[in-house]
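Peer 1:
Protein chains: 2
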Amino acid sequence: MGESILSTEPRAVRRYTTCGELRRQHIGRTVTLKGWVHRRRDHGRLIFLDLRDRYGITQVVANPAHSSAAHEVAEHVRAEYVLAVTGQVVARPEGTINPALSTGEIEVLADQIEILNPAKTPPFPIAEETDVDESLRLEYRYLDLRRARLQRNLLLRHQVVRFIRHYLEERDFVEIETPMLIKSTPEGARDYVVPSRIFPGHFYALPQSPQQLKQLLMVAGFDRYYQIARCMRDEDLRADRQPEFTQIDLEMSFVDVEDVLELIEGLYTEMFERFASKPLQAKPFPRLTYEEAMRRYGSDKPDLRFGLEIDDVSSVFQNTSFGVFRSVLAEGGVIRGFAVPGFADAPRSQLDQLTEIARSFGAKGLVWLALQQDSGRLIARSPIAKFLNEDEIATLAQRLQAGPGDLVLLVADAEDTAATILGRLRLHVGRERKLIDESVHAFCWVIDPPLFEWNEEEQRWEAMHHPFTSPRDEDLPILDSDPSKVRAKAYDLVADGFELGTGSIRIHRREVQNKIFSIMGYDDTEIERRFGHLLRAFEYGAPPHGGMAPGLDRTIMILAGESSLREVIAFPKNQRAQDLMLGAPSPLAERQLRELHLRVVYPEDQDTTSGA
Amino acid sequence: MGESILSTEPRAVRRYTTCGELRRQHIGRTVTLKGWVHRRRDHGRLIFLDLRDRYGITQVVANPAHSSAAHEVAEHVRAEYVLAVTGQVVARPEGTINPALSTGEIEVLADQIEILNPAKTPPFPIAEETDVDESLRLEYRYLDLRRARLQRNLLLRHQVVRFIRHYLEERDFVEIETPMLIKSTPEGARDYVVPSRIFPGHFYALPQSPQQLKQLLMVAGFDRYYQIARCMRDEDLRADRQPEFTQIDLEMSFVDVEDVLELIEGLYTEMFERFASKPLQAKPFPRLTYEEAMRRYGSDKPDLRFGLEIDDVSSVFQNTSFGVFRSVLAEGGVIRGFAVPGFADAPRSQLDQLTEIARSFGAKGLVWLALQQDSGRLIARSPIAKFLNEDEIATLAQRLQAGPGDLVLLVADAEDTAATILGRLRLHVGRERKLIDESVHAFCWVIDPPLFEWNEEEQRWEAMHHPFTSPRDEDLPILDSDPSKVRAKAYDLVADGFELGTGSIRIHRREVQNKIFSIMGYDDTEIERRFGHLLRAFEYGAPPHGGMAPGLDRTIMILAGESSLREVIAFPKNQRAQDLMLGAPSPLAERQLRELHLRVVYPEDQDTTSGA
């Protein structure tokens with residue numbers, strides 16, 4: 001019987017040969033391969049079997065002249081049968097060498113073929129990368145996982161996680177497991193909860209992130225903590241969300257913003273240089289303040305792989321005769337826009353469509369100007385052409401770095417609204433016009449976001465990030481007087497227009513924390529109920545600390561060039577949070593409910609109750 | 001300001017010096033240390049501060065003649081204050097060098113001391129290893145975690161996990177995350193469940209182990225999977241159980257028992273040789289069949305660190321005149337016992353106590369024989385001395401390898417009962433007589449356990465391990481005729497009398513699986529409901545596979561020399577499954593319950609309901 005012949009492997013890793021290891025130098029050896037029938041081809045008297053495992057594909061030949069027993073078995077096997085094949089490694093005949101396959105110079109002439117397990121015909125082909133309905137893929141996930149795409153993605157994920165661990169452990173980070181059954185935290189989104197059997201009416205929460213626990217580990221003096229942390233969030237699911245997700249959770253003591261940025265930027269630079277198929281657009285990563293990101297890209301996660309930079313051109317229209325612009329400016333609004341290079345010849349239908357799209361984003365209207373050269377002068381074809389003078393057109397073009405042949409798009413509205421609409425429009429046009437440079441990965445930092453945002457509904461300030469985020473030192477004096485202007489020691493890492501992760505330096509001084517809570521309008525009872533244990537811990541010597549939690553799933557998705565998180569998670573849920581393979585969630589036995597002191601109130605019961 | 005001066009560290013790990021890195025060669029450098037005040041001593045004009053962080057302790061001296069500002073601050077700091085100290089590294093004066101401390105040759109003469117955060121007096125001392133009430137320790141876990149013991153244990157845990165990952169990854173194991181929100185599995189113990197908001201009355205289960213998922217990963221062709229897997233079990237908690245635990249979960253394709261044993265034995269041998277403070281008693285690990293373990297040690301997790309081996313001496317009493325023995329033997333029972341060396345002089349009170357203890361273990365009685373030399377002949381002092389002849393005593397002594405001065409203890413009962421009672425008695429005597437060799441770690445394998453055990457209550461066979469465990473090939477023929485005799489391809493790893501983990505080779509052929517289910521009396525509906533997805537997966541080409549899941553917490557507990565799992569888990573629960581620090585579980589808001597379609601039925605309500 002054959003033995004594993006890879007001399008670099010540790011002793012006795014396996015007692016057989018994998019389908020990825022045979023090369024020209026093994027010719028003449030007798031080996032045993034184990035794997036799945038990837039393809040079976042009947043060439044006259046010869047039967048060819050491509051045998052597949054995680055490590056590769058090896059061609060097996062069943063020749064009745066060599067072994068009629070092996071040939072006999074080969075006649076009956078079908079795709080996805082599991083076989084053990086013993087035979088000799090031989091050179092492939094001249095002209096049949098397959099350079100695309102690492103084992104393509106050899107084949108194994110079968111002495112003996114044993115069927116370890118037969119297989120029914122799979123509901124979709126394993127060997128071909130055909131499009132398959134996603135529900136079917138999820139239901140038969142164990143078969144989908146056999147296909148090259150998911151094998152590749154999950155092996156990449158494994159390699160990347162190894163790399164991350166190594167990178168962090170080299171820098172003194174300690175991996176510490178935090179509990180899964182914790183207390184409901186005020187992280188914003190809805191918790192998944194777990195009823196207690198011992199305490200009727202009491203529940204644990206599953207962590208949305210180990211935020212408070214990692215801060216407590218800093219109080220405990222562990223200095224640098226990390227965890228590839230499993231998190232759960234009972235959210236309404238959008239296209240690229242999963243109820244379960246994984247984050248690269250980390251926290252450091254005695255650091256400020258620069259230390260965290262340096263660490264994470266080093267991690268992602270090295271990671272992408274090792275594992276991505278595309279280069280980084282820029283190193284070091286550009287840093288944008290939140291204000292700048294919103295102004296120039298209309299987004300807190302700008303995609304820097306294309307231009308179409310937005311600018312504020314309010315000053316150009318200071319004395320405009322166009323009424324709409326005049327009144328927006330009079331109300332304190334802004335006029336902003338961007339130029340689309342070489343799109344001045346856009347047909348009217350496309351311009352109308354753009355206007356429609358801007359409206360769907362919330363715009364009251366969209367102004368377009370097609371710039372043209374007219375005997376040396378720059379003129380604009382535009383619905384508002386008659387309100388524009390030559391100076392305005394020239395200044396506008398200069399501000400937006402536009403020239404003849406370019407299309408200028410303008411939105412006039414309140415500042416936040418204009419920014420958001422133009423940000424979405426920029427993305428739309430960038431995609432439509434194929435301006436996105438798909439040959440690079442573009443990272444950036446978005447820093448110094450506002451500490452608070454105004455909750456219109458509850459008429460109070462709330463923390464934009466979370467209530468432990470530290471204000472910037474220079475903004476401490478205006479905490480009381482102008483909360484809206486206070487910036488946070490927070491930072492987002494953005495890649496290709498996706499937010500990869502967010503983090504902050506935390507408040508470690510009680511008096512600052514109290515001030516923040518009072519601005520947020522929390523009373524002492526509320527503070528104690530929500531944050532009591534953390535605040536108490538901070539009284540016993542909390543070090544300055546901060547951290548971050550980049551999303552692992554999103555990171556792998558971008559590295560793998562996928563557009564859905566489901567392609568990089570072994571067993572994902574669908575958009576109704578169901579596991580179609582396992583059939584979860586599922587009803588509980590009455591006995592279990594009783595033990596948990598619970599009764600289910602079905603929607604019709606609820607109606608009855610509320611009607612009574 | 002000082003910089004990190006450890007040249008072997010990666011660039012820019014930190015901008016200050018840790019409390020563990022300064023040595024004689026750094027004398028003359030100006031550094032900044034950050035850490036906690038471990039101890040403060042006032043020696044006349046000089047104030048000494050031991051500054052502590054995860055990496056060590058460095059002595060800081062505040063001398064008013066050198067810096068009155070630093071001395072002024074030092075006068076006000078107390079234990080556990082967080083400081084930043086800048087000063088010069090100087091040699092300690094002759095006679096004050098502390099060889100117990102890695103930084104003991106130097107001290108830092110403070111130029112400047114900044115209080116980063118003050119600290120209240122902790123509820124228990126951090127610097128001393130005093131005994132503290134465990135509830136208090138759990139409530140202030142973040143302070144308990146600062147103490148040397150838990151710092152040591154959690155850093156050990158981190159190192160061991162690193163080692164395990166490295167060991168497995170070198171051998172082609174891929175780390176794959178399996179979901180936390182799964183379907184209730186029939187693993188035996190009670191699931192923790194999570195209500196679905198989207199599907200009223202439906203629940204997810206939290207994994208007790210990723211058993212079925214790892215088998216599906218083998219079907220998916222990942223060949224070798226591992227995960228440091230988080231598991232949860234809603235059990236009634238015993239002393240050394242936790243509702244949350246972590247296992248070294250792994251699975252391999254195309255393997256048999258020997259492959260798994262070799263892998264795991266290599267892992268644990270290397271792990272203990274690297275990290276344990278005591279040597280291994282034996283290498284390779286002894287292997288006992290389950291039958292042998294039960295017979296010789298009365299336990300399926302024998303502690304081999306001491307002798308007191310049990311043997312069956314029924315044959316010695318074949319013709320006994322002692323009525324009790326005679327009738328037990330006549331009923332098919334056994335007489336078993338062990339000898340306690342040098343304990344023949346046990347006073348009557350101790351023998352009575354042993355009898356009491358045996359009774360508390362379920363024995364009907366305990367027979368003791370104190371062996372003595374009497375002019376060359378072996379005689380026995382014993383309550384049943386008059387029933388024993390010289391031959392019987394001699395043969396008994398020979399069988400139990402006993403001689404003059406030894407005490408023989410015998411139990412007569414049904415085989416299983418006798419085994420269990422003697423196993424517990426052996427442990428008790430071993431501990432009481434201090435026979436346990438605490439200077440070594442004793443590993444062993446317990447293999448070939450029965451596949452089935454009889455469920456007296458339900459009058460049916462059930463799987464001893466789990467229903468996918470493969471029978472041994474040579475026992476397949478007696479599956480139908482004598483299920484009780486069928487042995488499983490299962491194995492337990494035992495260390496120092498603790499079961500570290502259990503595993504098995506799984507059934508991969510559908511016809512064998514069907515046979516097992518029919519012996520267990522499952523009908524098709526039951527099979528489909530419980531195992532449908534797994535069995536369906538097996539029809540598409542399942543490789544032979546098997547694995548194991550050693551407990552990580554228990555492993556670290558033994559390595560660290562601790563006797564409770566709570567000492568090796570960062571944030572453990574107490575014996576009522578509460579997190580005393582976070583205050584979990586806790587009541588849920590009415591709104592949350594409504595969203596989950598649940599109503600709490602408090603015990604009094606239940607009474608009312610059942611009374612109605």
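Protein chains in written order, with full-length UniProt numbering: chain A, 1 to 612; chain B, 1 to 612. Note that the Cβ used here is the ideal one computed from N, Cα and C, for glycine as well.
Which same chain residues end up closer than 6 Å to residue 286(B) when comparing Cβ atoms and leaving out the 5 residues on each side of it in sequence?
Peer 2: Indexing the second sequence from 1 puts residue 286(B) at position 286. Cβ within range, chain order: 444.
Peer 1: Using 8 Å as the limit for Cβ to Cβ distance, is residue 485(A) near chain B?
Peer 2: Locating residue 485(A) in the first sequence gives position 485, where the first residue counts as 1. By this cut-off, residue 485(A) is not an interface position.
Peer 1: Check whether the Cβ atoms of residue 83(B) and residue 28(B) lie closer than 8 Å to each other.
Peer 2: Here residue 83(B) is taken as the residue at index 83 of the second sequence, counted from 1. Here residue 28(B) is taken as the residue at index 28 of the second sequence, counted from 1. It is not a contact, given that the beta carbons lie outside the stated cut-off.
Peer 1: Report yes or no: is there a C-beta of chain B within less than 8 Å of the C-beta of residue 120(A)?
Peer 2: Taking the first sequence and counting its residues from 1, one reaches residue 120(A) at position 120. Judged by the 8 Å Cβ criterion, residue 120(A) is in contact with chain B.
Peer 1: Is the beta carbon of residue 412(A) less than 8 Å from the beta carbon of residue 328(A)?
Peer 2: By 1-based counting over the first sequence, the position of residue 412(A) is 412. By 1-based counting over the first sequence, the position of residue 328(A) is 328. Result yes, Cβ atoms of residue 412(A) and residue 328(A) sit closer than 8 Å.
Peer 1: Should residue 206(A) and residue 219(A) be called a contact, given that it needs their Cβ atoms to be closer than 8 Å?
Peer 2: Counting from 1 along the first sequence, the entry for residue 206(A) is found at position 206. Counting from 1 along the first sequence, the entry for residue 219(A) is found at position 219. No, they are not a contact pair.
Peer 1: What are the boundary residues of the beta strand (DSSP E) that residue 264(A) is part of?
Peer 2: What you label residue 264(A) is simply residue 264 of the first sequence in a count that begins at 1. Where residue 264(A) is concerned, there is no enclosing beta strand (DSSP E), although the alpha helix (DSSP H) it sits in stretches over 257-275.
Peer 1: Which residue wins for smallest C-alpha separation from residue 377(B), given the options 362(B), 368(B), 405(B)?
Peer 2: The count along the second sequence starts at 1 and reaches residue 377(B) at position 377. Of the candidates 362(B), 368(B), 405(B), the one whose C-alpha sits nearest the C-alpha of residue 377(B) is 405(B).
Peer 1: By alpha-carbon positions, which one of 511(B), 232(B), 374(B), 516(B) ends up nearest to residue 483(B)?
Peer 2: Your numbering for residue 483(B) matches position 483 in the second sequence. Answer by Cα proximity: 516(B).
Peer 1: In chain order, which continuous runs of the beta strand (DSSP E) of length 3 or greater are located wholly inside the stretch 183-236 of chain A?
Peer 2: Segments of the beta strand (DSSP E) lying fully in the stretch 183-236 of chain A: 193-195, 202-205, 224-232.
Peer 1: Decide if residue 466(B) is buried, meaning its Cβ has at least 16 other Cβ atoms within 10 Å, or exposed.
Peer 2: For the purposes of this step, residue 466(B) is taken as the residue at position 466 of the second sequence. Under this definition residue 466(B) is a buried residue.
Peer 1: CB residue 580(B) to CB residue 138(B), shorter than 8 Å?
Peer 2: Within the second sequence, numbered from 1, the residue matching residue 580(B) stands at position 580. Within the second sequence, numbered from 1, the residue matching residue 138(B) stands at position 138. Yes, these two residues count as a Cβ contact at 8 Å.
Peer 1: Evaluate the contact criterion for the stretch 297-317 of chain B versus the stretch 384-400 of chain B: three or more CB pairs, one atom per stretch, below 8 Å.
Peer 2: The stretch 297-317 of chain B vs the stretch 384-400 of chain B: in contact.
Peer 1: Does residue 13(B) come within less than 8 Å of chain A when only Cβ atoms are used?
Peer 2: Counting from 1 along the second sequence, the entry for residue 13(B) is found at position 13. Yes, because at least one Cβ of chain A sits closer than 8 Å to the Cβ of residue 13(B).
Peer 1: In the DSSP assignment, find the unbroken alpha helix (DSSP H) run with residue 159(B) in it and report its ends.
Peer 2: Locating residue 159(B) in the second sequence gives position 159, counting from the first residue. It spans 148-170 - the alpha helix (DSSP H) in which residue 159(B) sits, taken as one unbroken run.
Peer 1: In angstroms with no decimal places, state the Cα-to-Cα distance between residue 446(A) and residue 106(B).
Peer 2: If you number the first sequence from 1, residue 446(A) lands on position 446. If you number the second sequence from 1, residue 106(B) lands on position 106. Taking the straight line from one Cα to the other gives about 44 Å.
Peer 1: Could you pull the start and end residues of the alpha helix (DSSP H) that residue 514(B) belongs to?
Peer 2: Position 514 of the second sequence holds residue 514(B). Counting along the chain, the alpha helix (DSSP H) containing residue 514(B) begins and ends at 510-519.
Peer 1: Name the chain A residues that come within less than 7 Å of residue 53(B), Cβ to Cβ?
Peer 2: Looking up residue 53(B) in the second sequence gives position 53. Those are 221, 223, listed as they occur along chain A.
Peer 1: First and last residue of the beta strand (DSSP E) that includes residue 73(B)?
Peer 2: Looking up residue 73(B) in the second sequence gives position 73. Careful: residue 73(B) lies outside any beta strand (DSSP E), inside the alpha helix (DSSP H) at 68-76.
Peer 1: Report the option in 243(B), 537(B), 164(B), 26(B) whose CA atom is closest to the CA atom of residue 189(B).
Peer 2: Sequence index remark: in the second sequence, residue 189(B) carries index 189 (1-based). The residue with the shortest Cα to Cα distance from residue 189(B) is 243(B).
Peer 1: What does the alpha-carbon distance come out to for the pair residue 196(A) and residue 234(B)?
Peer 2: Numbered from its first residue, the first sequence carries residue 196(A) at position 196. Numbered from its first residue, the second sequence carries residue 234(B) at position 234. The straight-line gap from Cα to Cα measures roughly 9 Å.
Peer 1: First and last residue of the beta strand (DSSP E) that includes residue 38(A)?
Peer 2: The residue you call residue 38(A) lines up with position 38 of the first sequence. Start and end: 30-43.
Peer 1: Hey, is the stretch 273-292 of chain B in contact with the stretch 208-216 of chain B, meaning 3+ C-beta pairs nearer than 8 Å?
Peer 2: Contact fails: fewer than three Cβ-Cβ distances are below 8 Å.
Peer 1: Residues bridged to residue 252(A) by DSSP?
Peer 2: Numbered from its first residue, the first sequence carries residue 252(A) at position 252. Residue 252(A) pairs with 224(A), 546(A).
Peer 1: Does the contact criterion of 3 or more C-beta pairs under 8 Å hold for the stretch 419-437 of chain A versus the stretch 294-304 of chain A?
Peer 2: Yes, the stretch 419-437 of chain A touches the stretch 294-304 of chain A.
Peer 1: Please report the residue range of the beta strand (DSSP E) in which residue 139(A) lies.
Peer 2: As a working note, residue 139(A) is residue 139 in the first sequence. Segment 134-139 is the alpha helix (DSSP H) holding residue 139(A); no beta strand (DSSP E) there.
Peer 1: What first and last residue would you give for the beta strand (DSSP E) that runs through residue 448(B)?
Peer 2: Start at 1 with the first residue of the second sequence, and residue 448(B) comes out as number 448. No beta strand (DSSP E) contains residue 448(B), which DSSP labels as neither H nor E.
Peer 1: Go to residue 371(A), then tell me how far its beta strand (DSSP E) extends in each direction, as first and last residue.
Peer 2: As a working note, residue 371(A) is residue 371 in the first sequence. Where residue 371(A) is concerned, the enclosing beta strand (DSSP E) stretches over 367-374.
Peer 1: Would you call the CB atoms of residue 593(A) and residue 601(A) closer than 8 Å?
Peer 2: By one-based count along the first sequence, residue 593(A) stands at place 593. By one-based count along the first sequence, residue 601(A) stands at place 601. No, the pair does not count as a contact, with Cβ atoms beyond the cut-off.
Peer 1: Decide if residue 392(A) is buried, meaning its Cβ has at least 16 other Cβ atoms within 10 Å, or exposed.
Peer 2: In the first sequence, the residue the question calls residue 392(A) occupies position 392. Label assigned to residue 392(A): buried.
Peer 1: For the stretch 232-245 of chain A, list every residue whose C-beta sits within 7 Å of some C-beta in chain B, in sequence order.
Peer 2: If the cut-off is 7 Å between Cβ atoms, the stretch 232-245 of chain A has 232, 234, 243, 244 near chain B.
Peer 1: Should residue 165(A) go down as buried or exposed, given a rule of 16 or more other Cβ atoms within 10 Å for buried?
Peer 2: For the purposes of this step, residue 165(A) is taken as residue 165 along the first sequence, with counting starting at 1. With 16 or more Cβ atoms within 10 Å of its Cβ, residue 165(A) is classed as buried.
Peer 1: Got a sec? Which residues, its chain only, sit under 6 Å from residue 507(B) by beta carbon, not counting five neighbours each side?
Peer 2: In the second sequence, counting from the first residue as 1, residue 507(B) sits at position 507. Contacts found: 468, 470, 513.
Peer 1: Rounded to the nearest angstrom, what separates residue 112(B) and residue 31(B) at their Cα positions?
Peer 2: On the second sequence, residue 112(B) is found 112 positions in, with the first residue counted as 1. On the second sequence, residue 31(B) is found 31 positions in, with the first residue counted as 1. One C-alpha to the other measures close to 11 Å.
Peer 1: In chain B, which residues lie less than 8 Å from residue 613(A) when you measure between Cβ atoms?
Peer 2: In the structure as shown, chain A begins at 1 and stops at 612. Residue 613(A) is therefore absent and cannot be evaluated.
Peer 1: Residues of the stretch 171-184 of chain B in Cβ contact with chain A at a cutoff of 8 Å, in chain order, please.
Peer 2: Those would be 171, 172, 174, 175, 176, 177, 178, 179, 180, 181, 182, 183, 184, in chain order.
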